[in-house]
Amino acid sequence: MRNWQRPLTAAVITSAVALPFFALLLWSGSERWFYPDLLPDRWGLRAWEYVFGTAGDQILSSLLQSVLVAAATALVSVIIGVPSGRALGLYEFNGKDLLSVLLTLPIIVPPLCVAMGLHLWFIKLRLAETFSGVVLVHLTFSLPYAVFVMWGVFSNYDTDFEDQARSLGASRLAVIWRVMVPMTFSGIMVAALFSFLLSWSQYLSTLIIGGGKITTLPIMLFALMGSGDRPVAAAVSLVFVTPAFLVLLFSARYLGGKSISGVR
Amino acid sequence: MIQLPPASGADARTRRSPGFFCIAGLITPALSVVLVLFGGGLVFGLMQSLGYMPVVGMNALTREHFRAIIADPDFMPSLGLTLYVAAVSTMIAAALSIFTALILHSLMRKSRIVYFIFQIPLTVPHLVIAVAMVFMLSPTGLLSRVALGAGLIDSSAGFPLLINDRWCVGIMLTYIWKEIPFITLMILSVLRNVTVELLEVGRTLKAGRWQRFRFITLPTIFPSLGAACLIVFAFTFGAFEVPFLLGRTYPMLLPVWAYKNYSDVDLMARPEGIATGIVIAAVVIVTVIVSQGLTKTARRRGVIV
Numbered sequence: 006m007r008n009w010q011r012p013l014t015a016a017v018i019t020s021a022v023a024l025p026f027f028a029l030l031l032w033s034g035s036e037r038w039f040y041p042d043l044l045p046d047r048w049g050l051r052a053w054e055y056v057f058g059t060a061g062d063q064i065l066s067s068l069l070q071s072v073l074v075a076a077a078t079a080l081v082s083v084i085i086g087v088p089s090g091r092a093l094g095l096y097e098f099n100g101k102d103l104l105s106v107l108l109t110l111p112i113i114v115p116p117l118c119v120a121m122g123l124h125l126w127f128i129k130l131r132l133a134e135t136f137s138g139v140v141l142v143h144l145t146f147s148l149p150y151a152v153f154v155m156w157g158v159f160s161n162y163d164t165d166f167e168d169q170a171r172s173l174g175a176s177r178l179a180v181i182w183r184v185m186v187p188m189t190f191s192g193i194m195v196a197a198l199f200s201f202l203l204s205w206s207q208y209l210s211t212l213i214i215g216g217g218k219i220t221t222l223p224i225m226l227f228a229l230m231g232s233g234d235r236p237v238a239a240a241v242s243l244v245f246v247t248p249a250f251l252v253l254l255f256s257a258r259y260l261g262g263k264s265i266s267g268v269r
Numbered sequence: 150m151i152q153l154p155p156a157s158g159a160d161a162r163t164r165r166s167p168g169f170f171c172i173a174g175l176i177t178p179a180l181s182v183v184l185v186l187f188g189g190g191l192v193f194g195l196m197q198s199l200g201y202m203p204v205v206g207m208n209a210l211t212r213e214h215f216r217a218i219i220a221d222p223d224f225m226p227s228l229g230l231t232l233y234v235a236a237v238s239t240m241i242a243a244a245l246s247i248f249t250a251l252i253l254h255s256l257m258r259k260s261r262i263v264y265f266i267f268q269i270p271l272t273v274p275h276l277v278i279a280v281a282m283v284f285m286l287s288p289t290g291l292l293s294r295v296a297l298g299a300g301l302i303d304s305s306a307g308f309p310l311l312i313n314d315r316w317c318v319g320i321m322l323t324y325i326w327k328e329i330p331f332i333t334l335m336i337l338s339v340l341r342n343v344t345v346e347l348l349e350v351g352r353t354l355k356a357g358r359w360q361r362f363r364f365i366t367l368p369t370i371f372p373s374l375g376a377a378c379l380i381v382f383a384f385t386f387g388a389f390e391v392p393f394l395l396g397r398t399y400p401m402l403l404p405v406w407a408y409k410n411y412s413d414v415d416l417m418a419r420p421e422g423i424a425t426g427i428v429i430a431a432v433v434i435v436t437v438i439v440s441q442g443l444t445k446t447a448r449r450r451g452v453i454v
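Just so you know, the protein sequences line up as chains A and B, in that order.
Residues in the first sequence are numbered consecutively from 6, following the numbering used here.
Residues in the second sequence are numbered consecutively from 150, following the numbering used here.
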């Protein structure tokens, strides 16, 4: 009885997950596909040629823009997030619960509300329509996430190694670089990767603060959906989803795939 | 994208405290980003929605914008629809997640590859799935072609409207696809510390399958499930991309409506857009507080670790 249950479950889960990507792949590889044919009438790489050829400049530059924004967000999130995670993971102090609530709110309150509130202020500070403005607004939700990841990491961290290094004459900086960072490296990678992904998936906050000047990939994708060219939109969607797969593969390979259960 | 904070107190082994200044030094950068950028964003938003916009010469504090959105005939239908979408998709996702978690727990414990595949939706941007839903569910989409091929409908006109539709089917399917792995993994993390012993006891006492589920498994997973659901609800309530792509033009979901007003050429509509954003934030914050309360109670009872 159990013999068929396992493969069936595996098959159901796999096909439910694969179905949307299957649809995107079909459309991105179709050149002519009349209703109601089940499969494209003519297959071809027109959409892909358009994405990397005809419109290549635009799409590749928005791809680059997305990568830069997400990488900057991830970098800042980690640099600021690691110390806080350390404090939260290692020590008891007054106001820890309050701090945890303060850090939870930005993850849950939609970036839409924050971006609308910040916009006018950012215009005055000349941060609107700039790269750093967009990174700052992405930071509001990706930094707390990085802090929570590092909190978890430092909860299982043994400071004795640092004491030993110090007693052997290591400087503060050496303790950080040669003991703390290597020991928490996989956690730091998780925090960085998921800050990256959070920023990568953002649409509205980028649109509000970037004001159309910072055209990341999702902004491009919305424009394409509006134009109604389905194969091209499908191809761009597949490009857009690639980092998500890479991150997942990486975390499965290096981190046992356990650390991402908290991500949405 | 949520990771619940680890239980404070439980994890931090008592260490010699490094002193107030050290801790303050460690947390100040993050705290100031949250207070200045996030808190500042909300406070500035609130001020603007109360009519305080010195840049355009509006200085008086007024409740007029909030009154205006509540009086707007579009507001209530929009709020209702948003609550409906968030609540129904969360409930369906929760029900399916309990089922999936139990199956995965009993059948697939050793299958890492299935777990891997199952985690894919966690990292995929909502927008991509919304685009895929258009391709699958629109009147000329894949499903419609399959239905026509199977003789279920005569033409694309016979296919039910599932995108930009009245019942927001496409929007909800996108959320359900995205959230099931999240809720399921939250349940699985507590299912692991249930209680083979407890189930054994149940069996010895001749509790049936349903009774064992109802009185042993469900109470154990409930706090975690509840927290996951509130998080999902809060997210769904305030998300923009999916309803923007898959929703109808009337009534709009609240986030779409907020942005429509905000980006209106008429600058007077802008405070109303921000006020709508504040309403969304308020609903979500209340949800979070409830969620935190739930988790805390659960911890006190020792159900979650």
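Note that the Cβ used here is the ideal one computed from N, Cα and C, for glycine as well.
Contacting residues, own chain, Cβ-Cβ under 7 Å from residue i (five flanking each side not counted)
i                 : result
Leu271 of chain B : Pro330, Phe331
Ala250 of chain B : Thr333, Ile336, Leu337, Leu340
His254 of chain B : Leu337, Leu340
Gly375 of chain B : Leu443
Residue of the options minimising C-alpha distance to residue i
i                 : options                                : result
Asp223 of chain B : B:Arg450, B:Gly200, B:Thr425           : B:Thr425
Leu402 of chain B : B:Thr177, B:Leu354, B:Leu228           : B:Leu228
Gly194 of chain B : B:Ala220, B:Arg419, B:Val437, B:Ile423 : B:Ile423
Ser242 of chain A : A:Ala28, A:Tyr96, A:Thr14, A:Phe166    : A:Ala28
Pro236 of chain A : A:Gln10, A:Trp9, A:Leu30, A:Thr14      : A:Leu30
Gln169 of chain A : A:Arg183, A:Leu209, A:Ala60            : A:Arg183
Ala240 of chain A : B:Val277, B:Leu310, B:Asn410, B:Ser373 : B:Val277
Val152 of chain A : A:Gly231, A:Pro12, A:Phe199, A:Ser20   : A:Phe199
Ser256 of chain A : A:Pro111, A:Ser210, A:Phe166, A:Ile193 : A:Ile193
Ile18 of chain A  : B:Ile370, B:Phe265, B:Phe362           : B:Phe265
Val433 of chain B : A:Leu103, A:Ser204, A:Val119, A:Met155 : A:Val119
Leu108 of chain A : B:Leu186, B:Ser198, B:Val295           : B:Leu186
Gln268 of chain B : B:Leu301, B:Phe170, B:Trp326, B:Phe215 : B:Trp326
Ala430 of chain B : B:Leu416, B:Ile252, B:Ala242, B:Val192 : B:Val192
Contact under 9 Å by Cβ, residue i with residue j
i                 : j                 : result
Ile213 of chain A : Leu117 of chain A : yes
Gly58 of chain A  : Pro45 of chain A  : no
Ser67 of chain A  : Thr221 of chain A : yes
Pro178 of chain B : Pro149 of chain A : no
Val142 of chain A : Gly190 of chain B : yes
Phe389 of chain B : Pro115 of chain A : yes
Phe308 of chain B : Leu291 of chain B : no
Leu348 of chain B : Thr366 of chain B : yes
Arg47 of chain A  : Trp38 of chain A  : yes
Leu93 of chain A  : Ser105 of chain A : yes
Gly298 of chain B : Leu144 of chain A : no
Gly157 of chain A : Gly90 of chain A  : yes
Gly319 of chain B : Val273 of chain B : no
Phe215 of chain B : Leu199 of chain B : yes
Leu209 of chain A : Phe146 of chain A : no
Ala238 of chain A : Ser82 of chain A  : no
Glu97 of chain A  : Gly215 of chain A : no
Met121 of chain A : Ala217 of chain B : no
Residues sharing a beta bridge with residue i, DSSP
i                 : result
Arg11 of chain A  : In DSSP, Arg11 of chain A forms no bridge with anything.
Met196 of chain B : According to DSSP, which records beta bridges pairwise, Met196 of chain B is partnered with nothing at all.
Neighbourhood of residue i by C-beta, 6 Å cutoff - its chain only, sequence neighbours within 5 removed
i                 : result
Ala235 of chain B : Phe382, Thr385, Phe386
Ala279 of chain B : Thr323, Val391, Leu394, Leu395
Phe166 of chain A : Val184
Residue i in three-state terms, based on DSSP
i                 : result
Glu213 of chain B : helix
Trp38 of chain A  : coil
Trp48 of chain A  : strand
Ser440 of chain B : helix
Met321 of chain B : helix
Met121 of chain A : helix
Ile85 of chain A  : helix
Tyr208 of chain A : coil
Trp316 of chain B : coil
Asn410 of chain B : helix
Pro309 of chain B : coil
Tyr162 of chain A : coil
Glu134 of chain A : coil
Cutoff 8 Å; reference residue i; Cβ partners in own chain excluding five residues on either side
i                 : result
Phe364 of chain B : Gly351, Ala356
Phe136 of chain A : Leu73, Val74, Ala77, Ile219
Gly49 of chain A  : Gly34, Ser35, Glu36
Tyr379 of chain B : Going by the sequence as given, residue 379 of chain B is Leu instead of Tyr. Here the set comprises Thr436, Val437, Val439, Ser440, Leu443.
Leu65 of chain A  : Phe57
Ile172 of chain B : Ser166
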